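>
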Amino acid sequence: MENSVLSMHNVVKRFGEFTAVDEISFSIPKGSIYGFLGPNGAGKTTTIRMILEIIKPTSGEISVLGHASALDVRNRIGYLPEEKGLYKKMKVWAIIQYFARLKGMDKKAAKDQAWLLLEKYGLKDFAESKVEALSKGMSQKVQVLSAVAHEPELVILDEPFTGLDPVNQTVLEELITGMAENGQTVIFSTHVMQHAERLCDRILLIAKGRKIFDGTVAEAKATIPRRVTIETADDIKDLHAIAGVNEIVQLAADPSADSTVAQWQLQISEQVNPQDILRTCFDRGINLNRFEFTEPSLHDVFVHLVGDDAREHEFR
Amino acid sequence: MMKMIRLIAWREYMENVQTKGFWLTVMIFPVIFIAMFFLTTALNNATPTRYYLLIDQSGQYEQAVATAIAREHQRRIMQEFVGYLLENRKDTNLELMAANARSTTDQFIDDVDADQFAALDAFLNDGGLDFALTMARPYLKDNAPPFEQPKQQFIEATLPSQVDVNGSPQEIIAALRPYLTGDREISAGDESGSLFALILIPADVDQDISRPGAIPQTPDTTKGIQYWARNLTDSRLPDAIGNSINNVIREREYVSLGVNTQLVRNVQRTRMPLNQLDPTAEAGEEAVSMADTLRQFAPMGFVYLMFISLMQSVQYLLANTIEEKSNRIIEVLLASVTPHELMMGKLLGIGMAGLTTIGAWLLSFYLFITLYDNNQTELISQILEVILGSELIPWFVFYYFAGYALYSGIFLAIGSLCDTLKEAQGLMMPMILIQIVPIASMFFVVLDPNNTIVRAMSWFPLFTPYIMMNRAAADPPMIDVIGTTITLLLSILLVLWLSGKVFKLGVLRTGQPPKMLELLRMLRSKI
């Protein structure tokens, strides 16, 4: 793919007998926000480590920013690992400066950038404190800042939202969208679907090391049927005639409700406009007590696609 | 790449020198040294008075024992006087030898050094301390303090009234046992204290004199002179008494055999000078001086310094690696630098911290001898000058760095395998024990630096830095120097290469330290 900042082709990683990543291929366009989703133990962190060449794949090809090895372009990548930690005895500004310098920034620029970021993200008062004096959430923010201080072209954040309060989660979301607007590509892994839904242009869903889905959020939602729920006492057989209505099932009646009223669920194709169904109901004189159309959420997609795997994992 | 290594090294260095523990280590060594300095001075002046009892049932040897004790006291006076001279004479010269002695004091010091007994005889014959003081006066510094005589150390106690001097030895011992074991105190004049020793000479002791040619008898502890004392380490008193009494009975033998005793004494005082010569020294300088002896023992100091400093450094290395590992900082680092750069940076940074410690020690030592300027410290600074002027410094620098590279490589690998210091301790212990071997044998190596066992030990790479440093002053055979250096350098390369591997694999793993088998797999793996 042109404009691709990162692509993996048939990448496999085995640890002894255990296959952690199995034949994964995907490609990430420049400037996009890309979500790595999957249940715990799906292979997200292993995939990320291979991208960074902290570990090498057993087989397959990886191309990062046009290079076969991330080591050649590591100054253009920013990385926040899943398990967070910083040098406890260092001052907040110094640690951001240190990591920025490890990415090739010069001393003065790295220091200026550290102070700029700390001011921008409300940590200026803590700049001279030692890391051990910070709360967990604050030190995580510092770590995010130290990962992106050198303004990398590719930012990889492994579970960046865990441990942050809702306000700081929003701050982080703004940081991510800001970077994307700036032309930086952001990859982040999460198992909180709301973040992915709000932020991601594209998502990669993996489970048990295998790719389950790769595409836009809209495409992901299309993988599960759209449903319209109606409640009426009238006969609904006319609705079968509408093109794109695939199946109508009667839902189990609510025992407390009026027994003459039935609930129906209609599975409809992607191209069907729910308004057409509503119009047909009016035309045929079907009296509706309730008409409900809900877009599937990414959460539904996740449960639908990997629900069994995720549950199985819990009991392993 | 160099830039990254420098950056990591600098951070490691700053992190360590900013800890309290670092400065504690830096401070504690000079503090202990200075405390030891004052303590030994104080201990020297505070040797306790020791009370003894003499029961001479034979009635022949009382005088001999008194002579022995007086002589022992004079020996101490002479010894202290030599120390006093060394500290207080003008233009001290440690390179002094009998051949280049420029004054009678120098001659005197050398004589005492060469043959203490003969020197003591001469000392007493010449008139003892009074003469020596007069003789030394012109050679002493103007500001020299007056010589303080040591106290009488052995004082005869008063016999408790309940002891029957003429009773059987068993009865006497039974009566005095509580004093000897320290249960009761014995009085001596106005003072009292525990009884240090009882010398019991039975009436029929002369029957027990053994002569050459007699039929060997089974050893019998009830025969001869009985010396009873709890303290088994201070042998000065029994030695002096034994010598003195033997002198008496020998003199009696001479008389009974019709030999002129004056003649014998003169013969006994004849002596052939024995010069210690060093075949490796240049012509005309073969004689062994005090400075030469100092140089022989100096390696021990270097070995010790090396041990302390290396132990400190590798502990830091271990602690820092484990911190990065348990905090998972290592992952961020490895996304920015290669494991090789990280490892090198750490080795360099901690190495610098170790050098800072040594530097701080030397500086405080220097400040101490400059600021606390008296005759004693001046002697120390002269000793130091001799050591620093010797060829040992390049050896030390080489073996310090070699030892550091070798041991730090191993400890770094250990650190990379463990999540907590507690886990690391189990793996560290064998490495520390291995270092105990050369440290414990330090003294023996100096005494016999080129014997076969020592030579063999030098070839074991983990010992090489210590043992070869220890042997450095004794001109070890070229084959040892070159051979062990090559094996050492090869081992360093091997250790750094292998620990690099373990480091790469170890830093990212979590959980318990690996089993032996897994470790072997790590060493074999290609990454």
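Protein sequences, first through last, are from chains G and B. So that you can map any letter, position 21 of the first sequence is 21 in the numbering used here, and since no number is skipped, the others follow by simple counting. Residues are numbered in the numbering used here as their position in the second sequence, beginning at 1, plus a constant of 1000. Each residue gets a CB set at the ideal place from its N, CA and C atoms; glycine is no exception. Nothing here was measured: the structure is a model prediction, and the numbers come from that model.
From which residue to which residue does the beta strand (DSSP E) around residue 1344 of chain B run?
Counting along the chain, residue 1344 of chain B falls outside any beta strand (DSSP E), though it belongs to the alpha helix (DSSP H) covering 1339 to 1371.
> Report yes or no: is there a C-beta of chain B within less than 7 Å of the C-beta of residue 7 of chain G?
So no, residue 7 of chain G is outside the interface.
> On a Cα-Cα basis, can you pick out the residue from B:1264, B:1503 and B:1211 that is closest to residue 1317 of chain B?
Checking every option, the nearest Cα to that of residue 1317 of chain B belongs to B:1503.
> Within 7 Å (strictly less), CB to CB, does residue 1136 of chain B reach chain G?
So, not an interface residue.
> Does the Cβ of residue 84 of chain G have 16 or more other Cβ atoms within 10 Å, making it buried, or fewer, making it exposed?
When all chains shown are included, residue 84 of chain G counts as buried.
> Could you give the C-beta distance for residue 1337 of chain B and residue 99 of chain G, rounded to a whole number, given that I count them as a contact under 8 Å?
About 11 Å separates the two Cβ atoms, so there is no contact after all.
> Check each candidate in B:1325, B:1275, B:1194 and B:1189 and name the one with the smallest Cα separation from residue 1181 of chain B.
That would be B:1194, whose Cα lies nearest to the Cα of residue 1181 of chain B.
> If we count the other Cβ atoms within 10 Å of its Cβ and call it buried at 16 or more, is residue 1206 of chain B buried or exposed?
Label assigned to residue 1206 of chain B: exposed.
> Assign residue 195 of chain G to one of two classes, buried (16 or more other C-beta atoms within 10 Å of its C-beta) or exposed (fewer than that).
Under this definition residue 195 of chain G is a buried residue.
> Quick one: what does DSSP say residue 1147 of chain B is sitting in, helix, strand or coil?
Residue 1147 of chain B falls in the coil class under three-state DSSP.
> Using a Cβ-Cβ cutoff of less than 8 Å, which residues in the same chain neighbour residue 71 of chain G once the five nearest sequence positions on both sides are dropped?
Once the five neighbours on either side are set aside, the close Cβ partners of residue 71 of chain G are 53.
> With 8 Å as the C-beta to C-beta threshold (strictly closer), list the residues of the region 1332 to 1345 of chain B near chain G in chain order.
Taking 8 Å as the Cβ-Cβ cut-off against chain G, the residues of the region 1332 to 1345 of chain B that qualify are 1332, 1333, 1334, 1335, 1336, 1337 and 1338.
> If you measure between the beta carbons of residue 1065 of chain B and residue 1241 of chain B, is that distance less than 7 Å?
Closer than 7 Å, so yes.
> Cβ of residue 202 of chain G within 7 Å of Cβ of residue 34 of chain G?
The answer is yes: Cβ separation under 7 Å.
> Are any of the Cβ atoms in chain G nearer than 7 Å to that of residue 1521 of chain B?
No, no contact with chain G.
> Ends of the beta strand (DSSP E) at residue 29 of chain G?
Counting along the chain, the beta strand (DSSP E) containing residue 29 of chain G begins and ends at 18 to 29.
> Taking residue 81 of chain G as the query, report the chain B residues whose CB atoms sit under 7 Å from its CB, ordered along the chain.
Under the 7 Å cutoff, chain B gives 1328, 1331 and 1332.
> Does any heavy atom of the ligand HEM sit closer than 6 Å to the C-beta of residue 223 of chain G?
You won't find the ligand HEM in this model; it holds no ligand whatsoever.
> Check residue 103 of chain G in the structure and name its three-state DSSP category.
Looking at residue 103 of chain G - three-state DSSP - the assignment turns out to be coil, as it is neither helix nor strand.
> Does the distance from the C-beta atom of residue 207 of chain G to that of residue 306 of chain G stay below 7 Å?
Yes, the pair counts as a contact, with Cβ atoms nearer than the cut-off.
> Look at the alpha carbon of residue 1388 of chain B and the alpha carbon of residue 1029 of chain B, and state the distance between them as a whole number of angstroms.
Between residue 1388 of chain B and residue 1029 of chain B, the C-alpha separation is close to 20 Å.
> What are the residues of the region 45 to 74 of chain G that lie near chain B, defined by any Cβ-Cβ distance shorter than 9 Å?
So the list reads 49, 52, 53, 54, 55, 56, 70, 71 and 74, given in the order they occur along the chain.
> Does residue 251 of chain G come within less than 7 Å of chain B when only Cβ atoms are used?
By this cut-off, residue 251 of chain G is not an interface position.
> Is the shortest distance between the beta-carbon of residue 1007 of chain B and the beta-carbons of chain G less than 7 Å?
Interface residue, yes.
> Listing by chain order, which chain B residues have their CB less than 8 Å from the CB of residue 86 of chain G?
Those within 8 Å of residue 86 of chain G in chain B are 1327 and 1329.
> Let me know the secondary structure DSSP gives residue 1098 of chain B once reduced to three states.
Residue placement at residue 1098 of chain B is flagged as unreliable, the pLDDT there being 48, under the threshold of 50; the coordinate-derived value follows with that caveat. Helix, per DSSP.
> With 7 Å as the threshold, decide whether the Cβ of residue 164 of chain G is near any Cβ in chain B.
Not closer than 7 Å to any Cβ of chain B, the Cβ of residue 164 of chain G fails to qualify, so no.
> Which residues of chain G have a Cβ atom closer than 8 Å to the Cβ of residue 1004 of chain B, listed in chain order?
102, listed in chain order.
> According to DSSP, simplified to helix, strand and coil, what is residue 1009 of chain B?
In this structure, residue 1009 of chain B counts as helix in the three-state DSSP scheme.
> Should residue 160 of chain G go down as buried or exposed, given a rule of 16 or more other Cβ atoms within 10 Å for buried?
Residue 160 of chain G is buried by the Cβ-count criterion.
> Which residues in the same chain have their Cβ closer than 6 Å to the Cβ of residue 209 of chain G, if we skip the five residues on either side of it in sequence?
If we look at residue 209 of chain G and ignore the five residues flanking it on each side, its Cβ neighbours are 19, 20, 21, 22 and 43.
> For residue 1003 of chain B, does the count of other Cβ atoms within 10 angstroms reach 16, so buried, or fall short, so exposed?
When all chains shown are included, residue 1003 of chain B counts as exposed.
> Out of curiosity, what's the CA-to-CA distance linking residue 199 of chain G and residue 1352 of chain B?
C-alpha separation (whole angstroms): 47 Å.
> List the residues of chain B whose Cβ lies closer than 7 Å to the Cβ of residue 98 of chain G, in chain order.
Within chain B, the residues near residue 98 of chain G are 1011.
> Give the secondary structure of residue 197 of chain G by DSSP, where H, G and I count as helix, E and B as strand, and everything else as coil.
If DSSP states are grouped into helix, strand and coil, residue 197 of chain G belongs with the helices.
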